[in-house]
Amino acid sequence: MARSQWGSRLGFILAAAGSAIGLGAIWKFPYVAATNGGGAFLFIYLGICLTLGLVLMLGEMAVGRAAHAGAVGAFRKLAGGGWPVIGYMGVLVCFLILSFYSVVGGWTIAYIGKSFDGSIMTADAKALGGIFSSFISHPLEPVVYHGVFAALTLGVVIGGVQQGIEKLSKWMMPALFLLMLALIVRVLTLPGAMEGLLYFVTPDFSKVSGAMLVDALGLAFFSLSLGLGIMVTYGSYVGKESNLVSASLWVILLTVATCFLAGLMVLPAVFAFGFDPAAGPGLTFITMPAVFSHLPMGQLFSALFFCLLLLAALTSSISLLEVVTSFAIDEFGLSRRAAAIGMAAGIFLLGVPASLSLGIWSDALLFGMNFFDLLDYLTSKLLMPLGELLLALFVGWKAWPLVAAELARNEPTHSLLLAMRRFCQFLAPALIGWILVVNI
Ligand code: PFF
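Letter 366 of the sequence shown, counting from 1, is numbered 419 in this note's numbering, and no numbers are missing.
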């Protein structure tokens with residue numbers, strides 16, 4: 054059977070950007086930047102995205118297109134031996150990420166409801182914090198929403214690559230950008246917002262620490278959907294005529310722009326309303342309602358915001374489920390429907406303890422972390438960087454002739470290709486390895 058292909062080059066870029074742009078940029082980036090002291094983190098994050106991120110995304114896409122196969126198949130086809138481990142690891146990590154990602158996706162659905170019933174229409178920091186924490190710690194409610202989010206993801210994935218993903222990405226992202234811009238204008242005109250703006254964009258490099266570097270590296274890979282074979286799988290659907298360099302550059306720029314806008318939207322509001330910048334994972338959910346309470350038709354804007362956040366989360370979660378599903382189809386010969394349903398059920402089950410670990414099971418700690426944090430830590434800070442380290446070695450040492458041929462098809466000059474090879478051979482593994490070791 055012929056592999057499906059993207060309907061257009063734009064469709065491919067939007068889908069890859071759709072995978073990248075999601076809860077990572079809008080939920081995770083603002084609170085991780087805030088807990089790491091703002092400005093310096095922003096610059097380090099941007100630096101990592103534009104160097105490591107760009108080269109490795111390009112590498113992933115080229116591997117996928119060269120092999121014309123998904124995550125595991127690509128490494129097997131191009132190299133064999135132990136290399137497919139990168140693909141297996143990626144599939145496993147997609148599974149793990151989706152289990153807690155879906156829990157947070159469920160929160161966005163719940164907040165659409167809370168926008169309509171008006172319960173979050175206040176600027177009172179204490180009240181908003183209380184609403185958020187009592188919601189996420191409830192034993193049933195967030196689990197049900199997690200189930201709804203997983204079911205929505207499943208619905209799109211069963212629909213197939215082109216119709217499902219492409220259609221959704223085409224109109225959702227421009228809408229999200231426009232709404233964020235409008236909200237930023239409102240936020241920046243609030244009294245006290247400037248302090249937050251300065252906190253976000255003024256680098257104080259004395260705050261740089263090993264832990265911050267690890268956070269920035271993990272967030273860069275998480276927000277760009279790197280290290281799991283997602284871009285390998287997406288690259289395998291791209292036509293040979295598409296220019297991968299410009300495609301990956303577009304995806305990165307769109308993603309970091311979204312992170313930047315999310316920071317501009319959330320952090321000045323945190324300061325304007327006197328919230329705690331170190332509030333952690335609740336930051337976006339606690340802060341944005343306060344902004345909406347200061348807008349005419351605030352309930353409507355609030356619902357629209359959480360709807361768009363939900364869609365952004367869905368375009369990311371379907372990419373995660375797509376990887377595990379196409380793995381099950383390729384490896385076990387299952388039908389698309391059976392593979393997707395089986396995987397989504399497993400992901401739902403694993404997400405249940407992740408959700409409960411924020412409430413009734415919060416005392417059950419492993420390595421000093423609850424299960425939700427442990428999943429996040431394991432995936433973003435250990436396995437994704439490790440996956441990219443191995444991918445860099447794979448591209449630089451093992452599959453270079455094939456990757457170079459893929460890239461030379463549409464573009465770069467000889468010296469650019471050589472620079473990329475050396476980067477993958479030496480610099481990228483050294484940098485990632487160093488940051489990982491600092492962490493451990
Ligand atoms: N990049 C997505 C986000 O930032 O929301 C999350 C994600 C998707 C991470 C796919 C990893 C991945 F492979």
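Just so it is clear, CB atoms sit at the ideal spot from N, CA and C, and this is done for glycine as well.
Report the rounded CA-to-CA distance for LEU131 versus THR104, giving the unit in angstroms.
Sequence index remark: in the sequence shown, residue 131 carries index 78 (1-based). Sequence index remark: in the sequence shown, residue 104 carries index 51 (1-based). C-alpha separation (whole angstroms): 25 Å.
Starting from the C-beta of VAL116, find all residues in its chain whose C-beta is less than 6 Å away, skip the five residues before and the five after it, and write them out in chain order.
In the sequence shown, counting from the first residue as 1, residue 116 sits at position 63. Correct list, in chain order: ALA127, VAL285.
Our contact map puts LEU419 next to LEU149 with C-beta atoms below 8 Å; I'd like the distance itself, whole angstroms only.
Reading the sequence shown from its first residue, position 366 is the one you call residue 419. Reading the sequence shown from its first residue, position 96 is the one you call residue 149. That pair is no contact at about 14 Å.
Give me every residue whose Cβ sits closer than 6 Å to any heavy atom of the ligand PFF, in chain order.
SER72, ALA73, GLY75, LEU76, GLY77, ALA78, CYS147, ILE150, PHE275, SER276, SER278, LEU281, ILE283, SER369, SER372, LEU373
Looking at the structure shown, is MET422 part of a helix, part of a strand, or coil, going by DSSP?
As a first step, residue 422 must be located in the sequence shown, where it is residue number 369. DSSP places MET422 in strand when its eight states are reduced to three.
Per-residue DSSP class, three states only, for TRP136:
Counted from its first residue, the sequence shown places residue 136 at position 83. TRP136 falls in the coil class under three-state DSSP.
Whose CA, out of ALA246, GLY100, PHE358, lies closest to the CA of LYS167?
To locate residue 167, count along the sequence shown from 1; it is residue 114. Looking at the Cα atoms, PHE358 is the closest of the given residues.
Nearest to LEU455 by alpha carbon, out of ALA228, CYS102, ALA119?
Position 402 of the sequence shown, counting from 1, holds the residue named residue 455. Out of ALA228, CYS102, ALA119, ALA119 has the C-alpha closest to the C-alpha of LEU455.
Just mark SER259 as buried or exposed, buried being the case when its beta carbon has 16 or more other beta carbons within 10 Å.
Here residue 259 is taken as the residue at index 206 of the sequence shown, counted from 1. SER259 comes out exposed.
C-beta contact flag for VAL240 and MET174 at 8 Å:
For the purposes of this step, residue 240 is taken as residue 187 along the sequence shown, with counting starting at 1. For the purposes of this step, residue 174 is taken as residue 121 along the sequence shown, with counting starting at 1. Against a cut-off of 8 Å, the Cβ pair of MET174 and VAL240 comes out as no contact.
Which runs of the alpha helix (DSSP H) at least 4 residues long sit entirely within the segment 200-249? Give them in chain order.
220-241
Taking a contact to mean a Cβ-Cβ separation below 8 Å, would you say ILE74 touches PHE185 in this structure?
Within the sequence shown, the letter at position 21 stands for residue 74. Within the sequence shown, the letter at position 132 stands for residue 185. Against a cut-off of 8 Å, the Cβ pair of PHE185 and ILE74 comes out as no contact.
Where does the unbroken alpha helix (DSSP H) through SER172 begin, and where does it stop?
Position 119 of the sequence shown, counted from the first residue, corresponds to residue 172. Counting along the chain, SER172 falls outside any alpha helix (DSSP H), and DSSP gives it neither H nor E.
Can you give the Cα-Cα distance for HIS500 and ALA397, rounded to whole angstroms?
The requested residue 500 does not occur in the structure, where the chain is confined to residues 54 to 493.
Host alpha helix (DSSP H) of TRP450 (start-end):
In the sequence shown, the residue the question calls residue 450 occupies position 397. No alpha helix (DSSP H) contains TRP450, which DSSP labels as neither H nor E.
According to the neighbour-count rule (16 or more other Cβ atoms, all chains shown, within 10 Å of its Cβ), is GLU113 buried or exposed?
In the sequence shown, residue 113 corresponds to position 60, counting from 1. GLU113 comes out buried.
Under DSSP, the alpha helix (DSSP H) around TRP80 begins and ends at which residues?
For the purposes of this step, residue 80 is taken as residue 27 along the sequence shown, with counting starting at 1. No alpha helix (DSSP H) holds TRP80; DSSP gives it neither H nor E.
Just confirm the distance between the C-beta atoms of VAL108 and CYS477, as a whole number of angstroms; I'd bet it's less than 8 Å.
Stepping through the sequence shown from its first residue, residue 108 is reached at position 55. Stepping through the sequence shown from its first residue, residue 477 is reached at position 424. VAL108 to CYS477, Cβ: 7 Å. Contact.
Specify the secondary structure class of THR368 as computed by DSSP and reduced to three states.
The sequence position of residue 368 within the sequence shown is 315, counting from 1. Helix.
Comparing C-alpha positions only, which one of GLN58, ALA70, LEU63 sits nearest to THR368?
For the purposes of this step, residue 368 is identified with residue 315 of the sequence shown, where counting begins at 1. Per the Cα distances, ALA70.
Spatial neighbours of VAL298 within its chain, please: C-beta separation below 8 Å, excluding the five flanking residues on both sides.
The residue you call residue 298 lines up with position 245 of the sequence shown. Cβ neighbours of VAL298 beyond the five flanking positions: LEU111, LEU460, ASN463, GLU464, PRO465.
Tell me the DSSP secondary structure of ASP383 in three-state form.
Here the question's residue 383 lines up with position 330 in the sequence shown. Of the three classes helix, strand and coil, the one that applies to ASP383 here is helix, per DSSP.
For a test of the three-state rule: what should DSSP assign to VAL261, helix, strand or coil?
Counted from its first residue, the sequence shown places residue 261 at position 208. Note: VAL261 maps to coil in three-state DSSP.
Per-residue DSSP class, three states only, for MET350:
The residue given as residue 350 occupies position 297 in the sequence shown. The answer is coil: DSSP assigns MET350 none of H, G, I, E or B.
Start and end of the alpha helix (DSSP H) containing TYR98?
One-based indexing of the sequence shown puts residue 98 at position 45. Segment 92-101, the alpha helix (DSSP H) holding TYR98.
LEU151 versus MET422 - alpha carbon distance:
For the purposes of this step, residue 151 is taken as the residue at position 98 of the sequence shown. For the purposes of this step, residue 422 is taken as the residue at position 369 of the sequence shown. Rounded to whole angstroms, LEU151 to MET422 spans 19 Å at the Cα level.
With distances taken from CA atoms, which of GLY77, SER468, SER72 is nearest ALA269?
What you label residue 269 is simply residue 216 of the sequence shown in a count that begins at 1. Here the closest residue by C-alpha is GLY77.
Do you know how far the Cα of GLY440 is from the Cα of MET142?
The count along the sequence shown starts at 1 and reaches residue 142 at position 89. The count along the sequence shown starts at 1 and reaches residue 440 at position 387. Their Cα atoms are separated by approximately 7 Å.
Reduced DSSP category for ASP429 - H, G, I as helix; E, B as strand; rest coil
Working through the sequence shown from its first residue, we reach residue 429 at position 376. Helix, per DSSP.
Can you tell me which of the three DSSP states PRO330 falls into?
Taking the first residue of the sequence shown as 1, we reach residue 330 at position 277. Note: PRO330 maps to coil in three-state DSSP.
Given ILE189, which residues of its chain have a CB within under 8 Å of its CB, disregarding the five upstream and five downstream residues?
In the sequence shown, counting from the first residue as 1, residue 189 sits at position 136. Once the five neighbours on either side are set aside, the close Cβ partners of ILE189 are TRP160, PRO195, GLY335, SER408, LEU411, GLY412.
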